[in-house]
Structure formats: structure tokens, C-alpha cells
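Q:
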Amino acid sequence: MRSSSSPLMPVRGLRSLVVLALAAAFATAAPAARAQPDDGSATSAASVTAAAKPYMGWSSWSMQSSKYPGLNPNGDYSYLTEANVLKQTDAMAAKLKKYGYEYINIDAGWWRDHAWTPEFDEYGRQKADPVRFPSGMKSVADHIHAKGLKAGIYLPVGLEKEGYGGGKVPIWNAEGCTTADIVYDDLRTTNGWDSAYKIDFSNPCAQKYIDSQARLFADWGYDFLKLDGVGPGSFKSGDNYDNVADVAAWQKAISATGRPIHLELSWSLDIGHAEDWKKHSNGWRVDTDVECYCNTLVSWENSVDDRWDDTPAWTRHAGPGGWNDLDSLDVGNGEMDGLTKAERQSYATLWAIAKSPLYTGDDLTKLDSYGLSLLTNREVLAVDQGDTPPAQPVTPSDPQQVWAAKNHDGTYTVALFNLADKPASVTADWSTLGFTGKATVRDLWNHENLGSHKNKITEALPAHGSRLFTVTPRGDALTWTGIEAEASANTLDGNASVADCTACSDGHKVGNLYTGGKLTINNVVVDKAGTYQIKVAYISGDARSADISANGGGATRHKFPSTGDWSTVNSVHVPVTLKAGSNTITFDSGSDYAPDIDRIDVPKSS
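So in my numbering, spot 160 of the sequence shown is number 177, and the numbers just go up one at a time.
(1) Which residue comes first and which comes last in the alpha helix (DSSP H) that contains Tyr429?
(2) By the 10 Å Cβ neighbour count, where 16 or more other Cβ atoms means buried, how is His672 classified, buried or exposed?
(3) Hey, out of Trp325, Val400 and Phe218, whose CA is closest to Ala560's CA?
(4) What residue range does the beta strand (DSSP E) around Val303 cover?
(5) From Thr328, Val443, Leu381 and Ile551, pick the residue whose C-alpha is nearest to that of Pro407; which is it?
(6) Could you round the C-beta distance between Gly248 and Asp287 to whole angstroms and report it? I think they count as a contact, below 8 angstroms.
(7) Report the residue ranges of all beta strand (DSSP E) runs contained in full by the stretch 318 to 394; include only those spanning at least 3 residues, in chain order.
(8) Since Thr487 contacts Thr428 with CB under 8 angstroms, what's their CB separation in whole angstroms?
(9) How should Glu139 be labelled, buried or exposed, when 16 other C-beta atoms within 10 angstroms of its C-beta is the threshold for buried?
(10) Among residues of its own chain, excluding the 5 on either side of Asn91, which ones have a beta-carbon nearer than 6 angstroms to its beta-carbon?
(11) Should Asp146 and Trp133 be called a contact, given that it needs their Cβ atoms to be closer than 8 angstroms?
(12) Grouping DSSP H, G and I as helix and E and B as strand, with all else coil, what is Ile123?
(13) Return helix, strand or coil for Asp236, following the three-state DSSP convention.
(14) How would you call Arg395, buried or exposed, if buried means at least 16 neighbouring beta carbons within 10 angstroms?
(15) In angstroms with no decimal places, state the Cα-to-Cα distance between Pro592 and Tyr258.
(16) Let me confirm a value: Asn350 is counted as buried when at least 16 other C-beta atoms fall within 10 Å, else exposed. Which label applies?
(17) Return yes when the Cβ of Asp240 is within less than 8 angstroms of the Cβ of Ser283, no when it is not.
(18) Which of the three DSSP states is assigned to Asp404 in this structure?
(19) Does the Cβ of Val541 have 16 or more other Cβ atoms within 10 Å, making it buried, or fewer, making it exposed?
(20) In chain order, what residues of the same chain have a beta carbon less than 8 angstroms from the beta carbon of Ala63, not counting five sequence neighbours either side?
(21) Any chance the CB of His464 is under 7 angstroms from a heavy atom of the ligand HEM?
(22) Quick one: is Thr207 buried, meaning 16 or more other Cβ sit within 10 Å of its Cβ, or exposed?
(23) Cβ of Thr453 within 8 angstroms of Cβ of Gly492?
(24) Could you check what DSSP says for Trp78 in three-state terms: helix, strand or coil?
(25) Using a Cβ-Cβ cutoff of less than 6 angstroms, which residues in the same chain neighbour Tyr610 once the five nearest sequence positions on both sides are dropped?
(26) Are Tyr555 and Asp613 closer than 8 angstroms when you measure CB to CB?
(27) From the DSSP output, read off the bridge partner residues of Met109.
(28) Considering only the beta carbon of each residue, do Ser156 and Glu308 sit closer than 8 angstroms?
(29) Looking at the secondary structure, which residues open and close the alpha helix (DSSP H) in which Asp198 lies?
(30) Rank Arg302, Trp267, Lys296 and Val264 by C-alpha distance to the C-alpha of Ser251 and give the top, closest one.
(31) Which partner residues does Asn600 have in the DSSP bridge list?
(32) Enumerate in chain order the residues of its own chain whose CB-to-CB distance from Lys439 is below 8 angstroms, with the five nearest sequence positions on each side excluded.
(33) Excluding the five sequence neighbours on either side, which residues of its own chain have a C-beta within less than 6 angstroms of the C-beta of Ser442, listed in chain order?
(34) Relative to the C-alpha of Ser584, which candidate in Gln418, Ser557 and Thr573 has its C-alpha closest?
(35) Less than 8 angstroms separating the beta-carbons of Ser483 and Leu536?
(36) Taking buried to mean at least 16 other C-beta atoms within 10 Å of its own C-beta, is Lys253 buried or exposed?
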């Protein structure tokens with residue numbers, strides 16, 4: 018009989034709210050002793066891996082979830098088999114290992130048959146389906162390790178309903194504990210699919226259950242765990258879907274095994290709990306599934322393009338120990354990917370500059386030459402894997418965007434994106450990077466020095482196209498004139514009002530810019546006429562737009578990316594044409610909601 022917690026079909030209205038849930042692995046019998054890792058990597062008693070840099074590898078889910086002809090011949094999600102995992106392992110070892118790719122991650126379904134019916138061992142732990150994985154999960158990990166790679170596995174958060182067994186299933190190595198002891202009496206559900214009972218960690222038996230799962234994974238030799246459906250997030254909120262305690266329990270359990278196991282959280286995590294995810298895990302998904310659940314692996318419109326809007330708020334949370342996970346990078350298979358060459362490069366560019374984990378869901382046995390060049394470009398991989406910080410937008414989230422990061426050596430990583438559906442030129446103005454004059458430019462994708470460029474670089478880009486540069490300043494640092502939004506000389510119209518703001522530069526901001534609310538900053542003085550890149554410091558818990566104009570002239574509407582919450586200040590640069598002398602700059606909410614404005618900074622030279 019088909020399980021009631023079988024994978025959800027994609028919800029089209031929410032950019033394919035994604036799919037299934039569930040996975041995990043566990044043996045039929047409890048291990049007689051706590052075996053040391055069998056791959057020669059005996060570890061100390063510490064635990065979740067350091068994640069000094071974003072991980073690189075392969076994941077099974079993209080091909081499992083696709084309707085591409087031939088990928089899932091035995092029904093939905095049937096791609097996942099031992100034979101296919103081993104083929105991808107061998108291909109990664111041959112083609113990608115030398116570039117830093119190392120994880121082979123088995124996703125949802127390894128304990129479910131083709132009808133999606135699960136199997137559990139006598140201790141309520143998921144058990145490998147004998148048709149999908151006839152040699153068992155330890156054997157698969159052994160093969161992966163033999164190729165010099167690392168093995169990853171998957172679980173949904175909570176106690177899966179089918180593993181409850183009427184509350185009578187004993188917990189391994191926990192005398193007197195049963196599944197009735199580890200969940201709430203009312204059997205409240207949790208995770209992104211409500212496919213599991215919520216675990217009650219007030220009972221010590223609950224931690225024992227998580228310990229038993231982690232112990233089994235460690236004894237099998239797994240190096241990575243994707244914990245899926247985690248909330249707050251996964252499009253669920255409220256007490257039932259708060260899995261912070263689950264994540265903390267997993268961190269504790271992993272630590273107790275003595276084996277380093279990378280803990281990755283999924284999916285579309287709540288940024289309001291970013292500090293919890295950083296404290297207890299090595300990475301967290303910031304968005305919904307990248308897969309389109311269609312006849313290709315992905316499509317541009319079906320959430321690949323969402324990442325440009327959804328990533329900026331998370332940027333400040335990425336760093337050694339934990340990284341913002343943008344999901345699978347499916348750029349290697351051409352037609353099967355479902356993208357143009359320009360889209361494939363832009364996709365890979367954003368993942369690299371955001372310092373996302375780089376794990377592809379492509380068929381590694383069939384990489385085309387262009388896809389292989391994208392996945393193995395050492396200069397681009399160095400942006401993702403080196404000590405460069407993650408980039409963020411320096412211009413608004415309009416169709417033509419510039420993202421940048423200042424590197425520790427004084428250079429800048431600069432990406433140009435044309436997200437429009439037709440060709441357009443995109444300009445990176447050096448003033449948005451904080452300097453003026455000349456700079457030398459290197460094209461990272463093409464391994465080409467482009468020489469010296471004065472004040473800016475402009476590139477004609479195809480629809481959904483991009484360029485990626487290293488920019489080395491040869492000019493002078495800019496000086497700025499700052500003007501607070503709440504300054505008494507400014508003009509507020511409509512609902513606009515001054516509010517306290519502890520994160521703001523002078524302790525205040527102008528907010529309530531909605532349905533006609535306006536802020537006009539007066540007495541903006543420049544020495545000569547020209548177009549100036551004005552730095553706008555703002556706060557916005559979600560992406561919002563404003564009409565910006567100078568001296569009562571025509572306005573341009575710009576979309577400001579979310580800062581993640583209403584207590585964090587970010588900034589972008591907007592071009593404004595000013596006359597010599599005194600000017601006014603107006604931020605008009607129009608008929609919608611605009612961000613709160615902290616201040617503007619005007620460069621002293623154009």
C-alpha cells in the first residue's frame with residue numbers, strides 16, 4: 018500500500034514548493050559494538066565538521082525528481098539505486114575529484130521501495146530498501162571511500178509516522194524507552210510535509226533515539242547528513258514546526274559518535290533563526306528546491322532566478338563553519354539541465370560569488386564539454402573555495418545588477434548580471450566599490466586580462482547573461498558626504514515619519530513610506546553636474562521598491578533586496594543625475610511599500 022507520507026507533488030503556485038520528504042538509513046540490527054570508521058579516518062570525540070569552506074560534491078535528488086525521459090524508468094524517484102550511485106561515484110572520482118569535489122550525497126527514498134513504502138528496523142530506524150540498495154548502505158559508503166570521496170545520506174526531521182509502531186517500538190541502547198516516549202502524546206506532526214511526529218525532547222528517551230540514528234550512520238561510515246523539512250522554514254511556522262531542538266539534538270548526537278559528520282539543513286530555512294542554524298549545523302538552505310519537477314532538471318523561471326532576490330538577506334550569515342546553501346548546481350548536462358549556455362554560466366556565477374556549497378545534480382557520466390568547463394574553472398572555484406568573502410548586490414535588484422565583494426588583498430570580485438529576457442548592457446561603476454579612477458580587470462570565466470578601465474566597465478550581455486571579474490583598483494579612494502534621512506532640513510510627506518533605529522548610523526530612520534509616503538532629502542550639494550552613484554542605507558524585512566528622482570524630475574523605480582529583518586541595515590547604490598550646486602533627492606513609495614531609509618552618502622566626485 019502506498020504510504021500516506023509519499024512525496025508531495027510540486028505546488029506550482031509557490032515555485033514548486035518541492036517535493037517529498039523522507040529519508041534516512043539504518044541497519045536491521047543494532048551494532049554489537051561501536052566500530053571505528055572503517056575507512057581509516059578514526060577521529061577524536063568531537064563531531065560536526067569544521068566546514069572551513071563550502072563543500073563540493075554531487076546529490077541524487079535532481080535526477081530523482083526529474084521527468085526527463087529515461088531518468089526514472091520504474092516510476093517517480095526510481096533513479097535512486099545503488100548502481101546509479103556507484104556510477105556517479107566513479108565518474109566524480111575520474112572527472113571532478115581533482116578539482117575539489119568530494120561528497121556523494123544520497124537523498125530521499127533510500128529506505129522506500131518504488132511504491133514509496135518505507136521499511137524500518139526493530140528500533141524504529143529507517144532501513145535500506147533491498148531492491149534499491151541490495152548491498153546495504155555501509156557497502157555503498159565503503160565504495161565511495163575507496164575512491165577517496167566522502168559519503169552523504171539523508172533524513173527527514175522528526176519520527177516518521179510509519180516508524181512509530183503504535184508506540185511500542187524499543188529505542189536502541191535505551192532500556193525502557195519506546196517510540197511512545199519520544200513524541201508528544203497527541204501525536205502532533207512536524208516537518209515540511211507533516212510526515213513525522215514531533216519529537217518531545219523533554220523526555221531523555223528522545224535524545225537516545227537521535228543518538229541511535231547518528232551512531233548507526235557513523236558506523237556505516239557516512240560523513241554527511243542532510244536533515245530535511247526543518248522549521249521554522251520549509252514553508253511552515255508555529256510551535257509544531259520549530260525544529261531547533263531537533264537540530265541541537267543532532268549536533269549533540271553527532272559529536273558523541275566521534276566521527277566528523279557534516280550536518281546540512283533543508284529547506285528554505287527561516288532567517289529569523291539564522292543564529293540557531295549557525296550554532297548547530299554546517300549549512301542551511303536559503304530557498305525552495307531549485308529543481309523544476311518537469312521534463313528537465315531545472316528551468317530558469319522555476320526558482321533558479323529566485324536566488325538573486327532571496328540570497329542577499331542571508332549574505333552576512335555565511336562564513337567558516339556554516340554556509341548559505343543555494344541548492345544543486347545543475348549546469349553540466351546541456352539539454353537535460355533545461356537552460357541556455359548564458360543561464361548556465363549565470364547560475365554558476367551566483368553560486369560561486371555567494372560562496373554556496375557547489376554540489377551538482379547532473380549526470381556526471383554525461384557531462385558536456387561546456388558543462389565540464391563551468392564545473393572545473395579553477396579561477397571561479399577559487400572565488401567559492403578561497404578566503405574571499407561572499408558578494409552581495411551593490412546596485413538594486415533590478416534586471417541589470419552588479420554584485421561585489423572586497424577581498425582581503427584589496428581586489429574586488431565583481432559580477433555583472435542581466436536578468437532581463439532580452440539583451441542589455443550592464444555597467445559596474447568603480448564608485449560603487451568605493452574608489453575612482455583606473456582599475457585593471459581580469460575575466461575569470463575566460464582567463465583573460467582585459468587591461469585598464471577608467472571609472473567603470475560596461476558589458477553587453479545576452480538575456481540572463483553574466484560576467485565575472487577580479488577588479489584591482491589603481492585609482493583613489495572616494496570621499497563621501499553623508500546626509501541622515503531624519504535630518505530636520507528634509508521633507509516628509511504622507512505617512513512618512515522618523516523612528517528610532519539602534520542599527521542606524523545616527524540612531525534614527527525614516528519609515529512608514531507606504532501608499533504615497535515620501536522622503537525628500539534637501540540640500541544635496543555637488544560641485545559639478547553629472548550622474549552620481551548615491552549610496553542608500555536602508556532597512557527592509559522584505560524586498561520593497563521606491564521611485565527615486567532628483568529635483569522633481571522623472572523617477573526611476575528600484576527594488577531594494579531584503580535586509581533579512583527590520584533591525585539590519587544594508588546599502589545599495591542608485592544612479593541619480595544631479596546639477597552643480599544644491600539638489601533634492603526624493604524617495605516615493607508610490608502605491609506600495611518602500612524600505613525604511615537610514616541615510617544617503619554622496620560621492621564628492623562623479
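Glycine included, C-beta positions come from ideal geometry on N, C-alpha and C. As the structure is a prediction and not an experimental result, all values here were calculated from the model.
A: Result, derived from the coordinates:
(1) Residue numbering aside, residue 429 sits at position 412 when the sequence shown is read from its first letter. Where Tyr429 is concerned, there is no enclosing alpha helix (DSSP H), although the beta strand (DSSP E) it sits in stretches over Tyr429 to Asn435.
(2) In the structure displayed, the chain extends from 18 to 623; residue 672 sits before or after that span and is not available.
(3) On the sequence shown, residue 560 is found 543 positions in, with the first residue counted as 1. Sorting Trp325, Val400 and Phe218 by C-alpha distance to the C-alpha of Ala560 places Trp325 at the top.
(4) Within the sequence shown, numbered from 1, the residue matching residue 303 stands at position 286. First-last for Val303: undefined, no H or E at that position.
(5) By one-based count along the sequence shown, residue 407 stands at place 390. When the alpha-carbon of Pro407 is set against those of Thr328, Val443, Leu381 and Ile551, the nearest one is in Thr328.
(6) As a position in the sequence shown, residue 248 is number 231, starting the count at 1. As a position in the sequence shown, residue 287 is number 270, starting the count at 1. Here Gly248 really is in contact with Asp287; their C-beta atoms are around 7 angstroms apart, less than 8 angstroms.
(7) With a minimum length of 3 residues, the continuous beta strand (DSSP E) runs that stay inside the stretch 318 to 394 are 340 to 342 and 375 to 377.
(8) Numbered from its first residue, the sequence shown carries residue 487 at position 470. Numbered from its first residue, the sequence shown carries residue 428 at position 411. About 5 angstroms separates the two Cβ atoms, so the contact holds.
(9) If you number the sequence shown from 1, residue 139 lands on position 122. Glu139 is exposed by the Cβ-count criterion.
(10) Within the sequence shown, the letter at position 74 stands for residue 91. If we look at Asn91 and ignore the five residues flanking it on each side, its Cβ neighbours are His131.
(11) For this step, residue 146 is matched to residue 129 along the sequence shown. For this step, residue 133 is matched to residue 116 along the sequence shown. Cβ atoms of Asp146 and Trp133: not closer than 8 angstroms.
(12) Here residue 123 corresponds to residue number 106 of the sequence shown, with the count starting at 1. Looking at Ile123 - three-state DSSP - the assignment turns out to be coil, as it is neither helix nor strand.
(13) For the purposes of this step, residue 236 is identified with residue 219 of the sequence shown, where counting begins at 1. Three-state DSSP puts Asp236 in a helix.
(14) For the purposes of this step, residue 395 is taken as residue 378 along the sequence shown, with counting starting at 1. Counting C-beta atoms within 10 angstroms of its own C-beta, Arg395 has fewer than 16 neighbours from the protein chains shown and is therefore classed as exposed.
(15) Residue mapping note: residue 592 aligns to position 575 of the sequence shown, counting from 1. Residue mapping note: residue 258 aligns to position 241 of the sequence shown, counting from 1. Rounded to whole angstroms, Pro592 to Tyr258 spans 43 angstroms at the Cα level.
(16) By one-based count along the sequence shown, residue 350 stands at place 333. Burial call: buried.
(17) On the sequence shown, residue 283 is found 266 positions in, with the first residue counted as 1. On the sequence shown, residue 240 is found 223 positions in, with the first residue counted as 1. Cβ distance not < 8 angstroms, so Ser283 and Asp240 don't count as in contact.
(18) Working through the sequence shown from its first residue, we reach residue 404 at position 387. Coil at Asp404, not helix or strand.
(19) Position 524 of the sequence shown, counted from the first residue, corresponds to residue 541. So Val541 counts as buried.
(20) Mapped onto the sequence shown, residue 63 falls at position 46. Low confidence applies to Ala63: its pLDDT is 37, below 50, so where it sits in the model is not reliable enough to give any reading.
(21) The ligand HEM is not part of the structure shown, which contains no ligands of any sort.
(22) The residue given as residue 207 occupies position 190 in the sequence shown. Thr207 is buried by the Cβ-count criterion.
(23) What you label residue 453 is simply residue 436 of the sequence shown in a count that begins at 1. What you label residue 492 is simply residue 475 of the sequence shown in a count that begins at 1. For Thr453 and Gly492, yes; Cβs fall inside 8 angstroms.
(24) What you label residue 78 is simply residue 61 of the sequence shown in a count that begins at 1. In the structure shown, Trp78 falls within a helical segment according to DSSP collapsed to helix, strand and coil.
(25) The residue labelled residue 610 in the question sits at position 593 within the sequence shown. Contacts found: Tyr531 and Arg561.
(26) Translated into positions along the sequence shown, residue 555 becomes position 538. Translated into positions along the sequence shown, residue 613 becomes position 596. With contacts defined by Cβ atoms closer than 8 angstroms, Tyr555 and Asp613 form a contacting pair.
(27) Locating residue 109 in the sequence shown gives position 92, where the first residue counts as 1. Looking at the DSSP output, Met109 shares a beta bridge with no other residue.
(28) Position 139 of the sequence shown holds residue 156. Position 291 of the sequence shown holds residue 308. No, these two residues do not count as a Cβ contact at 8 angstroms.
(29) Here residue 198 corresponds to residue number 181 of the sequence shown, with the count starting at 1. For Asp198, the enclosing alpha helix (DSSP H) covers residues Thr196 to Ile199.
(30) Translated into positions along the sequence shown, residue 251 becomes position 234. Here the closest residue by C-alpha is Arg302.
(31) Numbered from 1 along the sequence shown, position 583 holds the residue referred to as residue 600. DSSP lists Val541 as the beta-bridge partner residues of Asn600.
(32) Locating residue 439 in the sequence shown gives position 422, where the first residue counts as 1. Non-local C-beta neighbours of Lys439 in its own chain, meaning closer than 8 angstroms and more than five positions away in sequence, comprise Ala480, ordered along the chain.
(33) Taking the sequence shown and counting its residues from 1, the one referred to as residue 442 is at position 425. Excluding sequence neighbours, Ser442 sits near Thr475 and Ala477.
(34) Here residue 584 refers to the residue found at position 567 of the sequence shown. Measuring from the Cα of Ser584, the nearest candidate turns out to be Ser557.
(35) Within the sequence shown, the letter at position 466 stands for residue 483. Within the sequence shown, the letter at position 519 stands for residue 536. Against a cut-off of 8 angstroms, the Cβ pair of Leu536 and Ser483 comes out as no contact.
(36) On the sequence shown, residue 253 is found 236 positions in, with the first residue counted as 1. Burial call: buried.
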